[in-house]
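Engineer: Counting from 1, position 278 in the sequence shown corresponds to residue 283 in the working numbering; the numbering is continuous, with no gaps.
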Amino acid sequence: MAKDLAFTCSACGASTSKWSGKCEACGAWNTIHEDTGLAAGPKKTSIGGRRGKTLKLTDLATQEAAPPRTLAGVDELDRVLGGGLVKASALLVGGDPGIGKSTLMLQAAARFARNGLKVIYVSGEESNAQVQMRAQRLGLEKSPVMLASDTNLRDILTTLEAEKADLTIIDSIQTMWADHVDSAPGSVSQVRTCAHELTTFAKTHGMSVIMVGHVTKEGAIAGPRVVEHMVDTVLYFEGERGHQFRILRSVKNRFGPADEIGVFEMTGKGLAEVRNPSALFLSERGEPAPGSVVFAGIEGTRPVLCEIQALVAPSPHSQPRRSVVGWDGGRLAMIMAVLESRCGVPFTGLDVYLNVAGGLRISEPAADLAVAAALVSAREDAALPKEAVIFGEISLSGALRPVIQTENRLKEAQKLGFTSAIMPRLPKGTGAAGLELREMQDLAGFVEQVFGA
Ligand code: TYD
Ligand code: MG
6 MAKDLAFTCS ACGASTSKWS GKCEACGAWN TIHEDTGLAA GPKKTSIGGR
56 RGKTLKLTDL ATQEAAPPRT LAGVDELDRV LGGGLVKASA LLVGGDPGIG
106 KSTLMLQAAA RFARNGLKVI YVSGEESNAQ VQMRAQRLGL EKSPVMLASD
156 TNLRDILTTL EAEKADLTII DSIQTMWADH VDSAPGSVSQ VRTCAHELTT
206 FAKTHGMSVI MVGHVTKEGA IAGPRVVEHM VDTVLYFEGE RGHQFRILRS
256 VKNRFGPADE IGVFEMTGKG LAEVRNPSAL FLSERGEPAP GSVVFAGIEG
306 TRPVLCEIQA LVAPSPHSQP RRSVVGWDGG RLAMIMAVLE SRCGVPFTGL
356 DVYLNVAGGL RISEPAADLA VAAALVSARE DAALPKEAVI FGEISLSGAL
406 RPVIQTENRL KEAQKLGFTS AIMPRLPKGT GAAGLELREM QDLAGFVEQV
456 FGA
């Protein structure tokens with residue numbers, strides 16, 4: 006029977022049955038490649054295999070409920086992992102090249118090794134001597150981490166089988182190659198096969214594996230997204246090159262909450278954890294300025310205060326610009342539409358720029374009101390009170406909706422010296438944490454009371 010052809014996008018992992026220049030799913034160009042690996046298969050059914058075993062759920066109840074976990078002893082890392090590293094789990098750590106993934110992994114390896122795990126750090130990018138030099142720079146040259154410099158999957162798995170490690174770090178998955186797959190290292194088939202085999206090995210041998218994946222811009226090399234579905238936990242290491250802050254974010258976690266963040270600072274001696282991110286994100290804030298608002302947000306399980314900045318200026322273009330960093334562009338358009346149709350604040354003919362300071366990326370709708378406040382403040386050239394934090398969700402009707410964890414947001418604001426909060430109605434049974442509350446019914450009322458418009 007003729008083999009079905011399958012094609013996969015190396016940027017987002019979407020499969021198609023025919024080649025095209027542009028990926029329909031993610032819009033990337035020149036990323037569609039023929040798949041010689043797992044996706045292609047014969048069109049027969051699979052009925053007629055070997056019979057497996059099934060178990061009653063209740064029979065399992067006597068077994069250990071939670072898998073054992075090991076703490077790194079670094080709060081920012083342990084929290085993102087959902088409370089430490091789970092035995093026999095597979096993790097993916099993605100991020101732009103040069104952001105600090107290898108540095109983070111070597112530091113984590115040293116921590117886990119010190120806490121009793123047998124850790125092997127497999128580098129496919131650097132020689133053992135280079136890894137040792139990095140360890141010296143980080144002051145970790147004495148830690149009991151084992152090193153291996155290899156890229157052949159078969160050799161690596163043989164080594165791991167003999168060494169019986171508790172944790173293996175693969176840096177990076179794009180440099181690994183399986184000799185039974187007919188394509189170059191870094192291709193979708195290679196990356197998928199290697200990740201699949203490593204994950205299976207980890208599960209069957211009680212070993213945890215952390216795979217590092219570079220986020221790539223060129224189509225020839227597969228990005229970490231093509232293996233996201235195979236692993237238990239997906240972490241992304243983010244940050245801006247110019248900033249020293251780095252954010253480790255869990256986007257998927259079978260063993261803990263997703264969307265948890267850990268904040269680090271890149272120093273001359275590696276990554277240092279930032280225990281109070283709110284203070285850090287607000288540290289560069291000067292005198293109250295139009296367009297600047299402090300948003301009391303929640304990242305994962307923790308409150309984080311940050312500054313949202315807006316700039317609104319007459320546009321020289323026929324199509325005014327809307328530029329957003331750290332927040333969703335579609336959501337910005339929605340808030341501007343509500344401001345325009347429910348509050349009579351139009352943005353026609355105006356360029357709008359919105360920025361979340363410090364390189365943070367916000368996804369919760371609770372930031373709606375803070376974004377609206379920044380926009381109106383910039384447009385009216387009127388600064389908001391310096392000691393106030395703002396949060397609340399905006400509905401299309403212009404009504405303000407209460408948001409989750411209101412009390413935690415207020416407590417964090419109080420801790421950092423804020424004295425008032427502009428927000429939707431306080432839910433019953435929620436404390437005000439000693440702040441003066443300005444509760445608002447809807448966006449129009451907010452614009453009128455705060456800006457007198
Ligand atoms: P690296 O961990 O090699 O990034 P990745 O593995 O994600 O490609 O980190 C690269 C950058 O980090 C490099 O530009 C130098 C910087 N760095 C420090 O600032 N301090 C340090 O202690 C180390 C080890 C690296
Ligand atoms: Mg690296």
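Ideal placement from N, C-alpha and C gives every residue a C-beta, glycine not left out.
Would you give the residue range spanned by the beta strand (DSSP E) that MET445 belongs to?
Structural biologist: Start and end: 441-445.
Engineer: Is any non-hydrogen atom of the ligand MG found closer than 8 Å to the C-beta of VAL217, if you look at the structure I gave you?
Structural biologist: Yes, Cβ of VAL217 sits closer than 8 Å to a heavy atom of the ligand MG.
Engineer: Rounded to a whole number of angstroms, what is the C-alpha to C-alpha distance between GLY363 and ARG246?
Structural biologist: Near 11 Å, if we compare the C-alpha coordinates of ARG246 and GLY363.
Engineer: On the three-pair Cβ rule with 8 Å, is the segment 75-87 touching the segment 182-195?
Structural biologist: No contact exists between the segment 75-87 and the segment 182-195.
Engineer: In chain order, what residues place their C-beta within less than 6 Å of a heavy atom belonging to the ligand TYD?
Structural biologist: Taking each Cβ in turn, the ones that pass are GLY100, PRO102, GLY103, ILE104, GLY105, LYS106, SER107, THR108, ARG139, ARG142, LEU143, MET271, GLY273, LYS274 and GLY275.
Engineer: Name, in chain order, the residues that DSSP records as bridge partners for VAL299.
Structural biologist: Paired residues: GLU312 and VAL394.
Engineer: Return the first residue and the last residue of the alpha helix (DSSP H) that LEU337 is part of.
Structural biologist: Counting along the chain, the alpha helix (DSSP H) containing LEU337 begins and ends at 334-348.
Engineer: Do VAL452 and VAL350 have their C-beta atoms within less than 9 Å of each other?
Structural biologist: Cβ atoms of VAL452 and VAL350: closer than 9 Å.
Engineer: Below 8 Å on the Cβ atoms is my guess for VAL232 versus LEU97; work out the distance and round it to an integer in Å.
Structural biologist: That belief holds up - the Cβ atoms of VAL232 and LEU97 are roughly 6 Å apart, short of 8 Å.
Engineer: Helix or strand or just coil, what does DSSP make of SER25?
Structural biologist: Of the three classes helix, strand and coil, the one that applies to SER25 here is coil, per DSSP.
Engineer: Does DSSP put SER107 in a helix, a strand or coil?
Structural biologist: If DSSP states are grouped into helix, strand and coil, SER107 belongs with the helices.
Engineer: Can you tell me which of SER425, ILE427 and PRO407 puts its alpha carbon nearest to the alpha carbon of LYS433?
Structural biologist: Closest option to LYS433, Cα to Cα, is PRO407.
Engineer: For ALA379, collect the residues of the same chain with a Cβ closer than 8 Å to its Cβ; drop the 5 residues on either side in sequence, then sort them by chain order.
Structural biologist: Cβ neighbours of ALA379 beyond the five flanking positions: GLY296, SER297, VAL298, ILE313, GLN314, ALA315 and LEU359.
Engineer: Would you be able to state if there are at least three C-beta pairs under 8 Å between the segment 157-172 and the segment 299-308?
Structural biologist: With the cut-off at 8 Å, the segment 299-308 and the segment 157-172 do not touch.
Engineer: Inspect the CB distances between the segment 121-137 and the segment 154-163 and report whether three or more fall short of 8 Å.
Structural biologist: In short, these stretches touch, since the Cβ pair count reaches three.
Engineer: Bridge partners of ARG327, per DSSP?
Structural biologist: Looking at the DSSP assignment, ARG327 forms a beta bridge with VAL357.
Engineer: Taking only heavy atoms of the ligand MG into account, decide whether any of them is closer than 8 Å to the Cβ of GLU130.
Structural biologist: Correct: GLU130 has its Cβ closer than 8 Å to the ligand MG.
Engineer: Alpha carbons only, please: which of ALA71, LEU355 and GLY100 is nearest the one belonging to ALA93?
Structural biologist: Closest option to ALA93, Cα to Cα, is ALA71.
Engineer: Leaving out the 5 sequence neighbours to the left and right, which residues in its chain are closer than 6 Å to ALA528 when beta-carbon positions are compared?
Structural biologist: Absent from the structure is residue 528, since the part of the chain shown begins at 6 and ends at 458.
Engineer: Assign SER107 to buried or exposed, taking buried as 16 or more other Cβ atoms, counted over all protein chains shown, within 10 Å of its Cβ.
Structural biologist: Buried, since its Cβ has 16 or more Cβ neighbours within 10 Å.
Engineer: Less than 8 Å between the CB atoms is what I'm expecting for THR75 and ASN120, so what's the real figure, rounded?
Structural biologist: With 8 Å as the limit, THR75 and ASN120 qualify as a contact, their Cβ atoms being about 6 Å apart.
Engineer: Kindly list the residues whose CB is nearer than 6 Å to the CB of LEU172, restricted to its own chain and excluding five residues on each side of it in sequence; keep chain order.
Structural biologist: Around LEU172: PHE117, LEU122, VAL124 and SER213.
Engineer: What does the Cβ neighbour count give for THR50, buried or exposed, with the cut at 16 atoms within 10 Å?
Structural biologist: It counts as exposed.
Engineer: Suppose you measure from the CA of LEU240 to the CA of GLU278; what does that come to, to the nearest Å?
Structural biologist: Using only the alpha carbons, I get a separation of about 16 Å.
Engineer: Under 8 Å from any heavy atom of the ligand MG, does the C-beta of SER154 make it?
Structural biologist: For the ligand MG, not one heavy atom lies less than 8 Å from the Cβ of SER154.
Engineer: May I ask which residues mark the beginning and end of the beta strand (DSSP E) holding ILE161?
Structural biologist: Note, ILE161: premise wrong, no beta strand (DSSP E); alpha helix (DSSP H) at 158-168.
Engineer: Quick one: Cα of VAL79 to Cα of PRO293, how far?
Structural biologist: VAL79 and PRO293: Cα-Cα distance of roughly 35 Å.
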